[in-house]
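Sequential numbering from 7 applies to the sequence shown in my numbering.
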Amino acid sequence: MNEILKVENLTKAYDDLKVLDGVDLTVSKGEVVVIVGPSGCGKSTFLRCLNGLEDIQEGSVVFNDEVINPFKGSPAKVREKIGMVFQSYELFPHKTVLQNMILAPMKVRKAKKKDAEKEALALLDRVGLLSKKDSYPRQLSGGQKQRVAIVRALMMHPEVLLLDEITAALDPEMVREVLDVVINLAKEGRTMVIVTHELSFARAVADRMIFIDGGKIVEEGAPGEFFDDPKTDRLKKFLESFSYN
Ligand code: ADP
Ligand code: MG
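In structure tokens, the structure reads:
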């Protein structure tokens, strides 16, 4: 197995509130890991610990052979390799789509403007948004903004992509267009750790499912088994709380 990300005994607290309590997870190159769990169980916190956006109390996060957490190095360098997309898009409102795309690669990766633009246009084309290159975020639908946010993350050439409930703020009719982009990334062999409440998408895209509850991984496994034959009562109850079919 070609391990790319190794989390051992990750423990994270906000003051007295212990959010993650000894989480172990190894992600292989090309693997798609999908995390589900009740609201507030620490999914976002976990993703943020993976790319050094949060400090941790115990344990470690190692990316290739580099210790990412406990954190010492340059945050920009880590985030170049571990990209993240959020529910809230985080696009710069006063920059056009194309400007949003090329900003970080030019600044962090020192890409030449011409090269960055060429790559950005190719990526926008791939997600059907070439015609929006000169639009501002406010001129886009939620689904379009999120597709821009995804390809903007790709501009950094990340080795791992972290996706945190990227369809949670979207109107239902826009969810599909965003999830289709993610499914295509999975087909290309991208390594991803995805938090989502879209269970049928999770089942389609995951190599491995993880259920977090009470700060721990309660159950994990291949999607077929995970959804059709959950072992723990907690996962059974969680799955039943969705009108999942
Ligand atoms: P999830 O993404 O699974 O809904 P979060 O990781 O956002 O859960 O939050 C886990 C817990 O940590 C929640 O109880 C939340 O209120 C708390 N929490 C998250 N971020 C902070 C913070 N910056 N400061 C204090 N508590 C936080
Ligand atoms: Mg969250």
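We put the beta carbon where it would ideally sit given N, CA and C, even for glycine.
Does residue i pass the burial test, meaning 16 or more other C-beta atoms within 10 Å, or should it be called exposed?
i	result
Lys151	buried
Tyr20	exposed
Asp140	exposed
Gly220	exposed
Asn15	exposed
Ala192	buried
Pro99	exposed
Phe217	buried
Asn8	exposed
Arg196	buried
Asn190	exposed
Glu72	exposed
Ala228	exposed
Gly230	exposed
Gly46	exposed
Glu246	exposed
Phe52	buried
Phe207	buried
Rounded to a whole number of angstroms, what is the C-alpha to C-alpha distance between residue i and residue j?
i	j	result
Tyr250	Phe232	Any answer about Tyr250 is weak, because its pLDDT of 48 lies below 50 and its placement is not dependable; what the coordinates show is given next. Using only the alpha carbons, I get a separation of about 13 Å.
Thr238	Ile108	46 Å
Leu176	Ile156	14 Å
Asp131	Pro111	18 Å
Val187	Val91	13 Å
Arg85	Glu171	18 Å
Val42	Arg240	12 Å
Arg203	Met215	The identity of residue 203 in the sequence shown is His, whereas the question assumes Arg. Distance between the alpha carbons of His203 and Met215: 12 Å.
Pro76	Lys116	27 Å
Thr17	Glu194	33 Å
Glu165	Gln105	23 Å
Pro143	Val211	28 Å
Lys124	Val154	15 Å
Val67	Ile74	6 Å
Val133	Asp22	44 Å
Leu59	Arg158	19 Å
Lys49	Val25	9 Å
Ile200	Asn57	13 Å
Ala128	Ser137	12 Å
Glu225	Thr102	43 Å
Glu179	Gly148	10 Å
Gln145	Gly28	44 Å
Ile10	Lys87	11 Å
Val181	Thr173	6 Å
Lys78	Tyr95	27 Å
Leu31	Asp121	36 Å
What I want to know is whether the C-beta of residue i ends up closer than 7 Å to one or more non-hydrogen atoms of the ligand MG.
i	result
Asp170	yes
Does the ligand NAP have a heavy atom nearer than 7 Å to the CB of residue i?
i	result
Ser147	The ligand NAP is not part of this structure, which contains only the ligand ADP and the ligand MG.
Exercise answer, beta-carbon shell around the ligand ADP heavy atoms below 5 Å: Tyr20, Val25, Ser45, Gly46, Cys47, Gly48, Lys49, Ser50, Thr51
Curious, which full-length alpha helix (DSSP H) runs of at least 4 residues does the stretch 74-112 contain? 81-87
What runs of the alpha helix (DSSP H), each 4 residues or longer, lie entirely inside the stretch 167-245? 178-193, 205-211, 229-234
In chain order, each alpha helix (DSSP H) run of at least 4 residues that lies wholly inside the stretch 33-70: 49-56
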